[in-house]
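Numbering (the numbering used here), first residue to last: 828 to 953.
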């Protein structure tokens, strides 16, 4: 479950950043997770609840925003979503095709790899 190590790293970074301010409470953090990371939202939220115990983040909500996989084709110039193959026997599993859906050429992934904190809702002492 690599979600725990990812959340631990995110929480450590957030706590370091919050240490620069006179924060009294954190209501929520918004995290952008790319679909190529294969991180599970429920697992992230569960790990967040555990990892934040005893910290200023305890009791705050982790809001997960999904980032779709977007590609740029080096051959034909296609910009857009990746083709996704889904297996009806595995509802939770889908496989992105990292080739141009138009010409089959080499692509650069332009979106879908993020794992970052976008924003925080905090309360500061006056």
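No residue lacks a Cβ here, since even glycine has one placed at the ideal position from N, Cα and C.
If you're wondering where the values come from, they're calculated on a predicted model, not measured in any experiment.
- With a contact defined as Cβ atoms closer than 8 Å, residue 937 and residue 899 qualify at about 5 Å.
- Residue environment for residue 909: buried (at least 16 other C-beta atoms within 10 angstroms of its C-beta).
- Separation of residue 866 and residue 830 (C-alpha to C-alpha, rounded to the nearest whole angstrom) is 6 Å.
- In this model, residue 884 and residue 927 are separated by some 42 Å (Cα to Cα).
- Rounded to the nearest whole angstrom, the CA to CA distance from residue 846 to residue 942 is 21 Å.
- Residue 880 sits in coil when the DSSP states are folded into three classes, being neither helix nor strand.
- Here the alpha carbons of residue 897 and residue 886 stand approximately 34 Å from one another.
- Its chain contains 903, 905 as the residues whose beta carbon lies nearer than 6 Å to that of residue 929, once the 5 sequence neighbours on both sides are disregarded; these appear in chain order.
- Secondary-structure assignment with DSSP links residue 897 through a beta bridge to 908, 938.
- For residue 844, the three-state secondary structure derived from DSSP is helix.
- Beyond the five residues adjoining it in sequence on each side, residue 951 comes within less than 8 Å, by CB distance, of 848, 849, 850, 851 in the same chain, given in chain order.
- Non-local beta-carbon contacts of residue 835 in its own chain, meaning distances under 7 Å to residues more than five positions away in sequence, involve 878 in chain order.
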